[in-house]
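A.B. asks:
In my numbering, the protein residues as written are 41 to 186.
This is how it looks when you write it as structure tokens:
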């Protein structure tokens, strides 16, 4: 039996969240998409703590789409904690951000992000970018064996 891969979208901007969800669905990806709206909530989801202690579904998503500018804990802080824990050290993490700061790009890769993608301002470009990300990480990329 094949399990459906899950995406964790970590995004605090409601408009960007809706656009991302719409673009992924438009790409006909029949995947579960869970959303965390701040850095701490993302860690709680991934480590099954707090409100997510009893969450259903796979232990880890196939990929995390992680914004940098998040409340409570930044995306870079989340990434650092993920890489420091053996359970999530190899979890695919794509930084999906509107930041055009070179420092954010450098820090993302220093903390071992798998990819860094700037959110295009144009909706059509944004939708295409997100759709390509979804198809790549869910259908094309060969994940690590469990």
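Backbone N, C-alpha and C define an ideal beta-carbon position, used for all residues, glycine too. Here the structure is a predicted model, which is why all the values come from computation and not from measurement.
Looking only at its chain, what residues have a beta carbon closer than 6 Å to the beta carbon of residue 45, apart from the 5 residues adjacent to it on each side?
C.D. replies: Same-chain partners within the cutoff: 71, 102 and 178.
A.B. asks: For residue 151 and residue 82, what's the separation of their Cα atoms in angstroms?
C.D. replies: Computed Cα separation, rounded: 17 Å.
A.B. asks: Could you check the C-alpha separation between residue 122 and residue 154 for me, to the nearest Å?
C.D. replies: C-alpha separation (whole angstroms): 12 Å.
A.B. asks: Taking just the CA atoms, how far does residue 140 sit from residue 76?
C.D. replies: Rounded to the nearest angstrom, the two C-alpha atoms are 23 Å apart.
A.B. asks: Buried or exposed, going by whether 16 or more other CB atoms sit within 10 Å of the CB of residue 106?
C.D. replies: It counts as buried.
A.B. asks: Return helix, strand or coil for residue 136, following the three-state DSSP convention.
C.D. replies: Strand, per DSSP.
A.B. asks: Answer yes or no: the CB of residue 130 versus the heavy atoms of the ligand ATP, is any distance below 7 Å?
C.D. replies: This structure simply doesn't include the ligand ATP, nor any ligand for that matter.
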